[in-house]
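According to numbering that gives the first Met the number 0, the stretch in the sequence shown is residues 0 to 178, in order.
Backbone N, C-alpha and C fix where the C-beta goes; we use that ideal spot for every residue, glycine too.
Here's the structure, in structure tokens; my notes come after.
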Amino acid sequence: MTLTTDRLILRQWRDQDRPAFAALNADPVVMEYFPRIRTRQESDAVLEILKDHIDEYGFGFWALELRDSGENIGFTGLQHVNFKAAFCPALEIGWRLAQHHWGKGYASEAARASLDYGFDVLDQDRIVSFAVEANTRSRRVMERIGMVHQPEFDFNHPKVEPGSPLVRHAFYAIDRAGG
Ligand SMILES: CC(C)(COP(=O)(O)OP(=O)(O)OC[C@H]1O[C@@H](n2cnc3c(N)ncnc32)[C@H](O)[C@@H]1OP(=O)(O)O)[C@@H](O)C(=O)NCCC(=O)NCCS
């Protein structure tokens with residue numbers, strides 16, 4: 000199963016994606032709002048987890064490929080929230096792109112296709128997203144695709160060390176009707 004947009008393909012991961020994914024996860028700017036960058040070994044292990052989610056459910060954080068060059072530029076997609084929170088169970092939408100491909104609208108383009116898949120194919124009533132409060136780039140993607148900040152559900156991420164400046168997360172959601 001692949002999703003295709005004007006400029007992008009969202010697809011299952013391949014072993015050949017490992018170097019690009021490792022470079023993404025080793026870039027301190029890309030990983031600014033995550034507790035730490037990842038080693039090649041850790042990145043390969045994460046790739047397997049993303050791949051397994053797609054194998055199991057038919058969707059996930061898909062590898063993002065440029066249609067015109069075949070380059071893997073990161074990921075975008077939907078996955079089951081993998082920790083406990085007041086808004087669970089839920090499907091979250093997420094993205095991570097190579098820095099030299101920011102500012103071209105690729106994340107929003109892929110996110111719109113992912114939302115359509117979530118509503119039309121997976122028959123979801125609501126899709127959620129969240130980001131470190133200071134991650135304005137990611138929050139702008141959420142707003143660009145019509146998600147709405149619901150501050151009453153902002154939360155401390157259980158996988159981030161309490162007291163870390165990265166712990167507080169802004170919560171966004173969009174429902175099938177569009178907001
Ligand atoms: C979050 C992230 C994916 C956003 O990437 P992005 O390229 O800024 O997002 P978009 O694809 O929506 O692109 C929008 C930008 O492209 C510009 N743009 C250029 N051509 C465009 C087009 N054809 N269509 C839409 N936007 C276009 C927009 O003006 C906008 O620029 P601006 O933010 O300076 O106003 C990226 O910063 C990233 O990977 N960050 C690190 C990982 C991360 O934090 N992930 C999220 C964790 S919650």
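Return helix, strand or coil for residue i, following the three-state DSSP convention.
i: Val-53; result: The amino acid occupying residue 53 in the given sequence is Ile; Val does not appear at that position. Looking at Ile-53 - three-state DSSP - the assignment turns out to be helix.
i: Leu-23; result: helix
i: Ala-85; result: coil
i: Gln-78; result: strand
i: Val-147; result: strand
i: Tyr-32; result: coil
i: Thr-1; result: coil
i: Phe-58; result: coil
i: Leu-165; result: coil
i: Arg-10; result: strand
i: Val-159; result: coil
i: Ala-44; result: helix
i: Pro-70; result: One point to set straight first is that residue 70 is Glu, not Pro, in the sequence displayed. Correct three-state label for Glu-70: coil.
i: Leu-114; result: helix
i: Ala-97; result: coil
i: Ala-106; result: helix
i: Arg-125; result: strand
i: Glu-91; result: strand
i: Asp-174; result: strand
i: Glu-132; result: coil
If the criterion is Cβ atoms closer than 8 Å, does the pair residue i and residue j meet it?
i: Asp-16; j: Leu-65; result: no
i: Pro-157; j: Phe-60; result: no
i: Ser-107; j: Val-140; result: yes
i: Thr-75; j: Ser-113; result: yes
i: Ala-172; j: Val-147; result: yes
i: Ile-144; j: Ala-97; result: no
i: His-52; j: Gln-11; result: no
Looking only at its own chain, which residues have a Cβ that is under 6 Å from the Cβ of residue i, when we skip the five neighbours before and after it?
i: Arg-39; result: Ala-21
i: Asn-71; result: Asp-16, Ala-19, Ala-62, Glu-64
i: Glu-132; result: Arg-167, Ala-169
Short of 7 Å in beta carbon distance, which residues of its chain neighbour residue i, apart from the five on each side in sequence? Order them along the chain.
i: Met-0; result: Gly-57
i: Arg-95; result: Leu-23, Val-29, Gly-73, Phe-74
i: Gly-69; result: none
Quick one: is residue i near chain B, going by C-beta distance under 8 Å?
i: Asp-115; result: Absent here is chain B; the protein component of the structure consists of one chain.
Excluding the 5 residues preceding and the 5 following residue i in the sequence, name in chain order all residues of the same chain whose CB lies nearer than 8 Å to its CB.
i: Ile-36; result: Asn-24, Ala-25, Asp-26, Pro-27, Met-30
i: Val-80; result: Phe-86, Cys-87, Pro-88, Ala-89, Leu-90, Glu-91, Val-127
Query raised in the report: Hey, is the segment 84-93 in contact with the segment 112-129, meaning 3+ C-beta pairs nearer than 8 Å?
Result: yes
**Report entry** Cβ contact (3+ pairs, closer than 8 Å) linking the segment 1-14 and the segment 100-114
**Finding:** yes
Query raised in the report: Per the contact definition of three or more C-beta pairs closer than 8 Å, is the segment 110-121 in contact with the segment 147-154?
Result: no
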